[in-house]
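**Q** Following this message is one structure expressed as structure tokens.
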Amino acid sequence: MLRVAEEKLESRSVTKGKPESTILVGAKNVMSYVLACVTLFNKGASEVVIKARGRLISRAVDVAEITRHRFIPDLHVKTILIGTTAVQTDKGSDLNVSTIDITLAR
Numbered sequence: 001m002l003r004v005a006e007e008k009l010e011s012r013s014v015t016k017g018k019p020e021s022t023i024l025v026g027a028k029n030v031m032s033y034v035l036a037c038v039t040l041f042n043k044g045a046s047e048v049v050i051k052a053r054g055r056l057i058s059r060a061v062d063v064a065e066i067t068r069h070r071f072i073p074d075l076h077v078k079t080i081l082i083g084t085t086a087v088q089t090d091k092g093s094d095l096n097v098s099t100i101d102i103t104l105a106r
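Positions 1 to 106 (our numbering) are the ones given, in order, by the sequence shown.
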């Protein structure tokens, strides 16, 4: 099991006094995350952050692109932040894992 040791991403401020809507991409299928993203926008969110790390980065990109092109065409990509997280394995060795944060906005 991996434990997060240190994160090297910039911190972002909360926009307009509302907590940001965040989707953490995991092992589910892509359409589950697309549905979550569309639901957040339909509930009034002005922007949604899609976060992933490691091998799931490509799935996060798929979620953003499917949401933009098939479901809500007026969305645009506001920011894309990439970074590295240092994690420690069970054996005690350090491992660098890539991360991505994609912010979609209306």
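All residues carry an ideal CB built from backbone N, CA and C; glycine is no exception.
Between the region 30–47 and the region 82–99, can you find at least three pairs of beta-carbon atoms closer than 8 Å?
**A** Contact between the region 82–99 and the region 30–47 is absent, because fewer than three Cβ pairs lie under 8 Å.
**Q** Round the Cβ separation of A52 and V25 to the nearest angstrom and send it over; I've been treating them as touching at under 8 Å.
**A** Their Cβ separation, rounded to whole angstroms, is 4 Å, which keeps A52 and V25 in contact under 8 Å.
**Q** For the alpha helix (DSSP H) containing S58, name the first residue and the last one.
**A** Segment I57 to I66, the alpha helix (DSSP H) holding S58.
**Q** Counting C-beta neighbours from all protein chains within 10 Å, is the total for A27 16 or more, i.e. buried, or is it exposed?
**A** Under this definition A27 is an exposed residue.
**Q** Assuming E47 and L104 form a contact by the criterion Cβ under 8 Å, report the distance between their Cβ atoms to the nearest whole angstrom.
**A** Yes, they are in contact, since the Cβ atoms of E47 and L104 sit about 6 Å apart, within 8 Å.
**Q** Leaving out five residues on either side along the sequence, give the residues of the same chain with a beta carbon under 7 Å from the beta carbon of V38.
**A** Once the five neighbours on either side are set aside, the close Cβ partners of V38 are T67, F71 and I72.
**Q** From N42 to R106, what distance separates their C-alpha atoms?
**A** Going by the C-alpha atoms only, they are around 11 Å apart.
**Q** Taking the straight line between their C-alpha atoms, what separation do you get for S98 and D62?
**A** The straight-line gap from Cα to Cα measures roughly 17 Å.
**Q** If you follow the alpha helix (DSSP H) that L40 is part of, which residue opens it and which one closes it?
**A** That run of the alpha helix (DSSP H) goes V30 to N42.
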